[in-house]
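Chains R and B supply the protein sequences, listed in that same order.
Residue numbering for the first sequence follows my numbering, starting at 2 and increasing by one per position.
Residue numbering for the second sequence follows my numbering, starting at 411 and increasing by one per position.
We put the beta carbon where it would ideally sit given N, CA and C, even for glycine.
Please read all numbers here as calculations on a predicted model, not as lab measurements.
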Amino acid sequence: DIQMTQSPASLSASLGETVTIECRASEDIYNGLAWYQQKPGKSPQLLIYNANSLHTGVPSRFSGSGSGTQYSLKINSLQSEDVASYFCQQYYDYLTFGSGTKLEIK
Amino acid sequence: QVTLKESGTGILQPSQALSLTCSFSGFSLSTTGICVSWIRQPSGKGLEWLADICWDDGKGYNPSLKNRLSISKDTSNNQAFLKITSVDTADTATYYCARSTGSLYYFDYWGQGVMVTVSS
């Protein structure tokens with residue numbers, strides 16, 4: 002099984018800041034990675050797929066990058082509506098999710 | 411407009427079987443490449459993929475739960491189903507169905523989720 006290690010577990014940042022969340026896979030997942038945003042009490046919503054492709058309708062301040070075993074989600078110009086938990090998911094070999102990052106506004 | 415909505419038993423006792431229904435619109439499970447998955451999330455915790463079923467009736471299961479899961483579909487009525495046998499308290503979670511455009515892929519649309527509690 003491919004394990005996904007996501008960091009940090011929680012993050013506090015100021016409005017307008019840039020934040021980065023990372024996921025490390027236990028083996029090469031060849032860009033088979035998605036990022037989701039889950040607001041409190043809501044279902045996850047797709048942000049990024051194939052490591053760096055922005056899903057339709059997602060603001061351009063969200064971006065994904067990485068390769069091999071290391072991937073990251075960057076949020077530029079943090080907005081209040083970005084308060085949420087963020088999860089990575091690999092789909093190269095079966096499906097596994099990272100443990101999540103809870104993002105709060107400082 | 412793609413929408414999915416889960417329904418099912420809210421409270422069960424240990425050892426009972428859980429039956430869940432995903433009713434969807436805006437797409438068809440007879441369209442090439444389309445799949446529907448079930449994913450669960452215990453309160454305050456992470457996400458766990460359970461199973462998927464695809465347009466060609468192909469099915470995939472989480473190996474750690476495979477012997478307890480059964481997924482099926484009713485293409486005519488735009489529904490997918492999941493049955494979990496012999497539930498216990500560890501199965502308490504919110505259960506989501508989600509659409510993907512391939513088996514074992516990323517999920518572009520999710521339902522709102524249904525909360526299931528297993529308690530004696």
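What residue does the beta strand (DSSP E) around glutamine 46/R start on, and which one ends it? 46-50
Can the beta-carbon of tyrosine 37/R be found closer than 9 Å to that of glutamine 71/R? no
Cβ neighbours of arginine 478/B in the same chain (closer than 7 Å, five flanking residues each side left out): Ile494, Thr495, Ser496
When the cut-off is 9 Å and only beta carbons count, does glutamine 71/R lie next to chain B? no
From which residue to which residue does the beta strand (DSSP E) around leucine 514/B run? First-last for leucine 514/B: undefined, no H or E at that position.
When DSSP labels each residue in this structure, what does alanine 14/R get in the three-state scheme? strand
Taking contact to mean at least 3 C-beta pairs separated by less than 8 Å, is the region 85-101 of chain R in contact with the region 430-445 of chain B? no
Under a Cβ-count criterion, where at least 16 other Cβ atoms within 10 Å of its own Cβ denotes burial, should glycine 454/B be classed as buried or exposed? exposed
Taking Cβ to Cβ, would you say glycine 508/B is nearer than 9 Å to arginine 450/B? Note that residue 508/B corresponds to alanine in the displayed sequence, not to glycine. No, the Cβ-Cβ distance between alanine 508/B and arginine 450/B is not below 9 Å.
Find the residues of chain R that neighbour glycine 456/B, judging by a C-beta separation of less than 8 Å, and give them in chain order. Phe88, Phe98, Gly99, Ser100, Gly101
In chain R, what lies closer than 7 Å to phenylalanine 517/B by C-beta? Leu47
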